[in-house]
Each structure stands twice: as C-alpha cells, then as structure tokens.
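Residue numbers (the UniProt record's numbering): 1 to 141. Each residue gets a CB set at the ideal place from its N, CA and C atoms; glycine is no exception. To start, the structure under review is shown below, and the notes come after it.
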Amino acid sequence: MDEAVKKLNTVGLVVIENRRLLLAFSKRKQAFYLPGGKIEEVEDAVTALIREIKEELSIPILPHELQWYCHISAPAYGEQPPVMMEQECFSYALRATPVADAEIASIRYFSYGEFRQEAIQVPGVELLFQKLVADDKVDAL
C-alpha cells in the first residue's frame, strides 16, 4: 500500500531588486531558499511569514505591506519522501536592509541563471523562478 503524501504548509517572501530574487542560505539544509518557513497550527499565512522574516532577516513587516503573489506546490527539499511543500508566496517591497539571523548563513540576490549555477536546486525555488521569469519580474540569465 502506498504511503500518503505528507503536506508541509509554508510561506515565502518574494523580494525583487534590480530584477533579481532575494534568497536565504539555510545552514541546516545547505541550500538557497525563499526566506520564510513553516506555518504553525495556530497561525495564518501572513502571521507565520511576519514571524519567520523577523527571525531570519531581522525585518519587522506589517500585514498590509505583504501582497499575495502565488502558490507553489513542489517536493520538499531535504525532507524524507513523500513530502509535498505547499507554499503561499507574498511579495514585499524591502524598506530595511535584511540581516541573516537564526538558521540563515547568508542572503543574496539571484537572477534565474545565477540560481541555476548553484550546486543544489531546491524544487520550490525553481518553480517560483519559472513563474517570475514568465511574469517578466526577474531576468532569465
């Protein structure tokens, strides 16, 4: 009998500057991800994202500053299969300089081509980049 696919409900922050996407390098998983994280049972997506970004990037965000952008479904990188990540992505106009904190080793802006040069391709980030390129928000190369 097949094991049921487990779902991981997450949120991600989409910050674009000069047609490049901000990504955070996870110390634990050793890969670049969208800043954000898991939604706790008692939280909605916006509350979870505000909490995660304060922890990861030391940026206080107000709910009205977030704009829903898209939903991404992808295999959860670094989780034992079968786990599907269900991620609500919100765009945000950066007002402060992000500072890597908590489990984040570094932060960096990427074009899609630059991300494709990374050793690890996180499936959810790959799908988001494809949408951002299709929507003409980031550079393909």
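query                                                                                          : result
Gln30, DSSP secondary structure in three states                                                : coil
Cβ contact (3+ pairs, closer than 8 angstroms) linking the region 103-123 and the region 30-38 : yes
Bounding residues of the alpha helix (DSSP H) (the contiguous stretch that carries Arg51)      : 45-57
Alpha helix (DSSP H) segment containing Gln130, residue limits                                 : 123-134
C-alpha gap between Pro81 and Lys7, whole angstroms                                            : 10 angstroms
Gly78, DSSP secondary structure in three states                                                : coil
Nearest-angstrom Cα separation, counted from Ala45 out to Ala73                                : The sequence shown places Ser at residue 73, rather than the Ala named in the question. Those two C-alpha atoms are separated by around 15 angstroms.
Alpha-carbon to alpha-carbon, Phe90 and Glu126                                                 : 16 angstroms
Candidates Ile107, Asp135, Phe129, Ser106, of which the one nearest Arg116 by Cα               : Phe129
C-alpha distance - Arg19 paired with Arg108, whole-angstrom precision                          : 13 angstroms
Closest residue to Glu17 among Phe110, Gln87, Cys70, Pro35 (Cα-Cα distance)                    : Phe110
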